[in-house]
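**Student:**
Residue numbers (our numbering), protein chains in the order written: chain A, 9 to 121; chain B, -13 to 99.
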């Protein structure tokens, strides 16, 4: 059984479009995260939610809006896509916000043309 | 501000060698340290989590040590195999009390037969 899953795996779209990436975890964890891995392979935190509440927002443009309908889901909606948004986006989860192991999803490769 | 450095950036070795991957971090006030493996085009797989109170953790041929006072961790891989080829990432929680992971740039490992 997949612990942390993301859809879609690949996303190719044009500049200016709006797109969403979905994430689900079946681990019963309270905390979920979005990370971005850019073309140089650096991984950086974007957002974190704990029990559906936003607890980390790392100076991400307002075009990015996370939504957590319940503890098991954290979706990422991106408005007005730009070329620089091309990256791999990873969802992760942990039992609680601090001190616990994080489990990552397979990633969504977003390409903006 | 927490920063993580990994040395070497890349490593190419023949099968069977024992390997040492290094990770250093600037802020020693960490809850834990996590080592990940990333295969090309894939997600992150958690290898080992060392809590701040521990000195080392072992899983199969992998052994990770932690020296908080000096801001260092080392990942030992015994009797390397071609299947160990991947990028190895070290991550520690950022400052602020939440588990937003700060990643190093990784060590790209190639083990050839």
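Using N, Cα and C, we set each Cβ at its ideal position, and we do this for glycine too.
#1: Rank A:56, A:91 and A:36 by C-alpha distance to the C-alpha of residue 24 (chain A) and give the top, closest one.
#2: Decide if the stretch 38 to 54 of chain A is in contact with the stretch 85 to 100 of chain A; the criterion is three or more beta carbon pairs, one per stretch, under 8 Å apart.
#3: Taking only the alpha-carbon atoms, compute the straight-line gap between residue 62 (chain B) and residue 12 (chain A) and give it to the nearest angstrom.
#4: Please confirm whether residue 85 (chain B) has its beta-carbon closer than 7 Å to some beta-carbon of chain A.
#5: Taking the alpha carbon of residue 51 (chain B) as the point to measure from, which residue in B:66, B:95 and B:33 has its own alpha carbon closest?
#6: For a cutoff of 7 Å on Cβ pairs, would you count residue 32 (chain B) as touching chain A?
#7: Compute the Euclidean distance between the alpha carbons of residue 55 (chain B) and residue 26 (chain A), then round it to the nearest angstrom.
#8: Sorry if obvious, but does the Cβ on residue 55 (chain A) come closer than 6 Å to a heavy atom of the ligand GTP?
#9: Which class does residue 53 (chain B) belong to by DSSP, given the choice of helix, strand or coil?
#10: Anything in chain A within Cβ reach of residue 72 (chain B), meaning under 7 Å, just list it in chain order.
#11: What residue from A:77, A:86, A:118 and A:49 has the CA that sits closest to residue 33 (chain A)'s CA?
#12: Tell me where the beta strand (DSSP E) around residue 32 (chain B) begins and ends.
**Tutor:** Judging by the given coordinates:
#1: Sorting A:56, A:91 and A:36 by C-alpha distance to the C-alpha of residue 24 (chain A) places A:91 at the top.
#2: Contact check between the stretch 38 to 54 of chain A and the stretch 85 to 100 of chain A: three or more CB pairs, one atom from each, fall below 8 Å, which counts as touching.
#3: Each residue's Cα considered, the two are about 28 Å apart.
#4: Against chain A, the CB of residue 85 (chain B) has a partner CB under 7 Å away; the residue lies at that interface.
#5: Checking every option, the nearest Cα to that of residue 51 (chain B) belongs to B:33.
#6: Under the 7 Å criterion on CB atoms, residue 32 (chain B) is classed as interfacial with respect to chain A.
#7: Approximately 46 Å, taken between the alpha carbons.
#8: Ligands are entirely absent from the displayed structure, and the ligand GTP is therefore not among its contents.
#9: In this structure, residue 53 (chain B) counts as strand in the three-state DSSP scheme.
#10: Under the 7 Å cutoff, chain A gives no residues; its nearest Cβ is about 12 Å from residue 72 (chain B).
#11: For the residues A:77, A:86, A:118 and A:49, the minimum Cα distance to residue 33 (chain A) belongs to A:77.
#12: For residue 32 (chain B), the enclosing beta strand (DSSP E) stretches over residues 30 to 37.
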